[in-house]
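Residue numbering for the sequence shown is 1477 to 1638, as defined by the numbering used here.
We put the CB at the ideal spot given by N, CA and C, even for glycine.
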Amino acid sequence: MIAPDIDFILRRHAGAGRDALIPILQEVQEAHGYLSREAIICVSRHLGLPASKVCGVATFYNEFRFRAPGKFHVQVCRGTACHVKRSARLLDATATALGIKPGETSRDGLFSLEAVACVGACALAPVLAVNGEFHACVGPDSVRRILDFYRGKAARDGTDGG
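If you want it as structure tokens, here you go:
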């Protein structure tokens, strides 16, 4: 059974051809936070393309994710200014603190981690962003404090990642 929001997206693209593949994938990811196997199959059937072709296009672009993001999506900027300010150490510290690698989601579903080319906040380097909220001039020693803040926020909200 197709999810109602995916069905809605596909109905809006009735009669679309392969040229609509990327916009459809973008809309599906925006609605779900990632591209599930089921979503890829639905899109492939809608466009009359093999699922392998849809998957091949989606995996070519870094913008597409294939795992559900955590409640808190952590992005570590690796742009030039952040790189110069040692964001590689920041990324390593964040991965260690979360127990995951970039592109993964923590077991509890609270955090996902992504290394990004640039967040556009070069004057604040190095930058760690959580759900779009920037944390400026972050050093490896500050990572646990920032993550603990979000853990506390989840506890206060009475939510977990799952």
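Query, Result
"Straight-line gap, H1559 to S1528 (C-alpha atoms, nearest Å)", "36 Å"
"Between the CA atoms of I1478 and I1622 - distance to the nearest angstrom", "38 Å"
"Outcome for G1524 when other beta-carbon atoms lying within 10 angstroms are tallied against a minimum of 16", "exposed"
"Chain-order list of residues whose beta-carbon lies under 7 Å from that of V1504 (same chain, five-residue window excluded)", "I1482, I1485, L1511, A1515 and V1519"
"Pick from G1555, C1598, D1617 and A1599 that is closest to E1590, judged by C-alpha positions", "G1555"
"Beta bridge counterpart(s) of C1553 as assigned by DSSP", "V1592"
"Expected contact under 8 Å - CB spacing of V1606 and F1548 to nearest Å", "5 Å"
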